[in-house]
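Asks:
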Amino acid sequence: MPTRTNIKTRTHNTCRTPGCQRPARSNIAYLCDNCRDRMRRNGDARQTNIRRTEMRPMEDRIRAIISRGHLPMIRQGLQTINEAVIRHSDETLASWRRGKPMNRHVVLAHSEVLKVAQNVDALDSGVTLAALYLLAERTPRRIVSDEGMAGQLVRVYRLQQGLAIGVTWDDRKNRETRWYRPLPKDTTRLMGATLREAYSPWLVHVLAVDKKEREEKQKASRELAAGFAPV
Numbered sequence: 011m012p013t014r015t016n017i018k019t020r021t022h023n024t025c026r027t028p029g030c031q032r033p034a035r036s037n038i039a040y041l042c043d044n045c046r047d048r049m050r051r052n053g054d055a056r057q058t059n060i061r062r063t064e065m066r067p068m069e070d071r072i073r074a075i076i077s078r079g080h081l082p083m084i085r086q087g088l089q090t091i092n093e094a095v096i097r098h099s100d101e102t103l104a105s106w107r108r109g110k111p112m113n114r115h116v117v118l119a120h121s122e123v124l125k126v127a128q129n130v131d132a133l134d135s136g137v138t139l140a141a142l143y144l145l146a147e148r149t150p151r152r153i154v155s156d157e158g159m160a161g162q163l164v165r166v167y168r169l170q171q172g173l174a175i176g177v178t179w180d181d182r183k184n185r186e187t188r189w190y191r192p193l194p195k196d197t198t199r200l201m202g203a204t205l206r207e208a209y210s211p212w213l214v215h216v217l218a219v220d221k222k223e224r225e226e227k228q229k230a231s232r233e234l235a236a237g238f239a240p241v
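Residue numbering for the sequence shown follows the working numbering, starting at 11 and increasing by one per position.
1. Would M201 pass as a contact of L145 if the rule is Cβ separation under 8 Å?
2. Alpha carbon to alpha carbon, what distance is there between C25 and R32?
3. Span of the beta strand (DSSP E) holding G109?
4. Tell me the rounded alpha-carbon separation between T27 and A239.
5. Just curious, the alpha helix (DSSP H) that D220 is in, first and last residue?
6. Just to confirm my understanding: we take R56, look at its own chain, exclude 5 residues before and 5 after, and list those with CB closer than 6 Å. What are they?
7. Buried or exposed: where does I75 fall if 16 or more other Cβ atoms within 10 Å of its Cβ makes it buried?
8. To the nearest angstrom, how far is it from the Cα of R61 to the Cα of R35?
9. When you compare the stretch 162-176 with the stretch 80-88, are there three or more beta-carbon pairs, one atom per stretch, that lie closer than 8 Å?
10. Let me check one thing: in DSSP terms, what residues is P150 bridge-paired to?
11. How is I38 classed by DSSP in three states: helix, strand or coil?
12. At what residues does the alpha helix (DSSP H) containing V166 begin and finish?
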């Protein structure tokens, strides 16, 4: 016969996050309260948020690449991706509404995808996601794990739509405080996988152009350095 697990909130176990010495939430938990909250917000307890100041130069770079291409075709391609995302999520949720058994995290993930895909311009979403991947490629230390990348991917995607932001009143500061509404860990993982798969053709092309242009500049720099070496 199975026995009930005796859960104790007071425990000698410590949080497993590297560098954290706080006590775990219970005798069966492996994270403290702070690290658990960070894992929900960021995908990984070690991951820190990607700030707008970090994203903005990457977005400018992506838009510069787009401006040198055929904008109507690029926009149409991203619109096609966005429509495919909406169609897939709509079909999944329609099956659930008809009574098909479905994991609650799958339902929530597709519901969150629709909130953004139906209300945000397809080009803007493409630029935002490509900017995050460009940042991760140029500064790999900013992404601590695949889970951390999924967390940031979902975060920047949802922040395009205001429903991901909560607002409360801070009496001490006498002003409103804005905060990010986190999703459950499994929902974040599923939503991140959905976005990554859908936008992979766009990400491959735009990152390849960026890499090619940077390699050309590096080659020119080496040639110039060699040319000026005798001087």
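Glycine included, each C-beta is placed from N, C-alpha and C at the ideal position. Everything numeric in this text was worked out from a predicted model, so none of it was measured.
Replies: Working from what's here:
1. Contact: no.
2. Near 6 Å, if we compare the C-alpha coordinates of C25 and R32.
3. Note, G109: premise wrong, no beta strand (DSSP E); not H, not E.
4. In a straight line, the C-alpha of T27 is about 50 Å away from that of A239.
5. Per DSSP, the unbroken alpha helix (DSSP H) holding D220 starts and ends at K195 to F238.
6. Taken in chain order, the residues that qualify are V154.
7. With 16 or more neighbouring CB atoms inside 10 Å of its own CB, I75 falls in the buried class.
8. Cα-Cα distance, rounded: 29 Å.
9. Taking a cut-off of 8 Å for Cβ pairs, the stretch 162-176 and the stretch 80-88 do not touch, as fewer than three such pairs fall below it.
10. According to DSSP, P150 bridges with nothing at all.
11. DSSP places I38 in the coil class of the three-state scheme, outside both helix and strand.
12. Annotation: the continuous alpha helix (DSSP H) that includes V166 extends over D156 to R168.
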